[in-house]
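J.: Questions regarding the structure given below will be posed in turn.
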Amino acid sequence: MPHENPIGEYLRARRELVRPEDIGIPDLTGRRRVHGLRREEVAMLAGVSGDYYVRLEQGRDQHPSPQVLDALARALQLDGDATAHLHRLATPPARQRRKTPRPEKVPAGILQLFASWTQTPGYVYGRYMDVLAVNSLATELLPYYVKGENLVRAAFLDPRVHDMHGNWEQVTDSTVASLRALVGPDVDDPRLNELVGELSVRSERFRQLWARHDARPKRSGTVRIDHPLVGPLELSYERLPIPDTDRQTLGIYHAAPGSASAQALALLATSAAEEREPARPCP
């Protein structure tokens, strides 16, 4: 079903996440019948009329000014990423969808770059978080990082993700928010709808997280991985947008020099190199 009211869906989802007591609205009766804020409370905090806010949520007005969007963002306590997402929803790109999406082709220079990284896990994912290319060390580190795998589907349906990440809840939360940030206002994409539909049926947690409308790109941070061969690793990661592509991202993992995690990563690199070498014929 087409999403004809992206702004209204987003505003409704975000106001349900704000607790009245967090913004100084006391519950004097203890009988609130709504989750989060009421529409009139958001309107009051944003300095707009209640009728105008209702029109926004119902999709009868889909062209709020940047000033109104900023006021709503403050009322709903949105951070910078969430505020930017709200502005993108209000100004979707004026273009017609191609009947056949252009294939996601990784630039040759990027492939040559990370294929030469024998000590650094690297991979590229596309606009739906499909793995488009991956070097052998990244697959050795995280075996579900293989070309063609969808990282959102893996996060919820591949038991190895749950087993290797003690903070699985945080992993799934950030994965869904990253997908929202990647697709932006382009929520009627058939490929996206297929993925969201499948995961909504198969995973209750995905359905709950998708309904929150969190939109937060992955940039950098740390991750703990419980690897079945080398034990626990603590790695830093970077997510770098690839210029002149349709939302392709280069992902990199690295360990602090001299750390136990660096030694474990070097051991995995040795294992990956041995697997790449062709078997020698017996004399």
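Using the numbering used here, count along the sequence shown one by one with no gaps and you end on 989.
The beta-carbon is built from N, C-alpha and C at its ideal position, and this holds for glycine as well.
Taking its Cβ as the centre, do 16 or more other Cβ atoms sit within 10 Å of S967, making it buried, or is it exposed?
T.: buried
J.: Provide the residue span of the alpha helix (DSSP H) that contains L885, from first to last.
T.: W874 to V889
J.: Tell me which same chain residues have a C-beta within less than 6 angstroms of the C-beta of G890, skipping the five on either side of it?
T.: R794
J.: Give the range of the alpha helix (DSSP H) segment to which P772 is assigned.
T.: P772 to A781
J.: Measure the C-alpha to C-alpha separation of P938 and A861 and round it to an integer number of angstroms.
T.: 19 angstroms
J.: Just the C-alpha distance for L915 and D879, rounded to the nearest angstrom, thanks.
T.: 7 angstroms
J.: Roughly how many angstroms separate the alpha carbons of L717 and T797, rounded to a whole number?
T.: 15 angstroms
J.: Would P813 and I958 be called neighbours here (beta carbons separated by less than 8 angstroms)?
T.: No, these two residues do not count as a Cβ contact at 8 angstroms.
J.: What's the C-alpha gap between A719 and E980?
T.: 50 angstroms
J.: Which ranges does the beta strand (DSSP E) cover as unbroken runs of at least 3 residues, wholly within the stretch 932-965, from first to last along the chain?
T.: 937-947 and 955-960
J.: Would you mind sorting V867 into buried or exposed? The rule is 16 or more other CB atoms within 10 Å of its CB.
T.: buried
J.: Residues in the same chain with beta-carbon distance under 6 angstroms from H791, minus the five sequence neighbours each way, listed in chain order, please.
T.: A921
J.: Is the Cβ-Cβ distance between G753 and R745 less than 8 angstroms?
T.: no
J.: Based on the DSSP secondary-structure assignment, which residues constitute the bridge partners of S926?
T.: E944
J.: Can you confirm whether the stretch 902-913 touches the stretch 833-846 when touching is taken to mean that 3 or more C-beta pairs between the two stretches lie within less than 8 angstroms?
T.: no
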